[in-house]
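J.: Please read through the structure below; I'll follow up with questions.
In this note's numbering, the protein residues as written are 3 to 188.
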């Protein structure tokens, strides 16, 4: 299915563009570093020191409680969440299925931060046009609470990864940020 994505000005947006834009991008900084510069003091977060030697380590460390945290940057709404799962695209984010199992076994106390910046606000295909309002914010949920939400959350399988053997996730859970388990913190 061919489709197009558009930003707030009506310009075509490519998936490559999504890697280069956003309020989280500060000259030369990673998304995690930019996030900590914007919200670290307010939320008591620093870059996890283990990231220096282990690129797979969780992104963040909460200096108030000593818990690890992971940043989930979301720049594009899941536009088909309404037709597929009955969830409003405005507040829908996705959470990697592989991360769920990894956190459950290795980091059950981890804190999850969804950093949302809808850089794309419109989706057009042959069959539909779906739009959302621009939205920027940070939503927090402890993994233990998120794991409870995942038990009833819809799961979206990535068709292009059905036969993938490179270790990529086969799909993601589809989540509604209006669920009271999520707390808007930024």
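Even glycine gets a Cβ: it sits at the ideal position worked out from N, Cα and C. Model, not experiment: these values are computed from the prediction.
So what does DSSP say about residue 87, is it helix, strand or coil?
T.: Numbered from 1 along the chain shown, position 85 holds the residue referred to as residue 87. Three-state result, residue 87: helix.
J.: Between the segment 147-154 and the segment 75-82, do at least 3 Cβ pairs fall closer than 8 Å?
T.: No, they do not touch.
J.: Can residue 10 and residue 143 be called in contact, C-beta distance under 7 Å?
T.: Position 8 of the chain shown, counted from the start, is the residue given in the question as residue 10. Position 141 of the chain shown, counted from the start, is the residue given in the question as residue 143. Contact: no.
J.: Give me the Cβ distance between residue 60 and residue 72, rounded to the nearest whole Å; I'm assuming they're in contact under 8 Å.
T.: Counting from 1 along the chain shown, the entry for residue 60 is found at position 58. Counting from 1 along the chain shown, the entry for residue 72 is found at position 70. Yes, they are in contact, since the Cβ atoms of residue 60 and residue 72 sit about 5 Å apart, within 8 Å.
J.: Hey, could you find the ends of the beta strand (DSSP E) residue 159 is sitting in?
T.: By 1-based counting over the chain shown, the position of residue 159 is 157. First-last of the beta strand (DSSP E) with residue 159: 157-159.
J.: Three-state secondary structure (DSSP) at residue 178?
T.: Along the chain shown, one-based indexing puts residue 178 at 176. The answer is strand: DSSP assigns residue 178 an E or B state.
J.: Return the chain-ordered list of same chain residues with a C-beta closer than 6 Å to the C-beta of residue 158, the five sequence neighbours on each side being excluded.
T.: To locate residue 158, count along the chain shown from 1; it is residue 156. Within the same chain, residue 158 has close Cβ partners 173, 174, 176.
J.: Less than 6 Å between C-beta atoms, sequence neighbours within five positions excluded: which residues of the same chain meet that for residue 40?
T.: Counting from 1 along the chain shown, the entry for residue 40 is found at position 38. No residues qualify anywhere along the chain.
J.: Rounded to whole angstroms, what's the CA-CA distance from residue 14 to residue 37? Just pull it up for me.
T.: For the purposes of this step, residue 14 is taken as the residue at position 12 of the chain shown. For the purposes of this step, residue 37 is taken as the residue at position 35 of the chain shown. One C-alpha to the other measures close to 26 Å.
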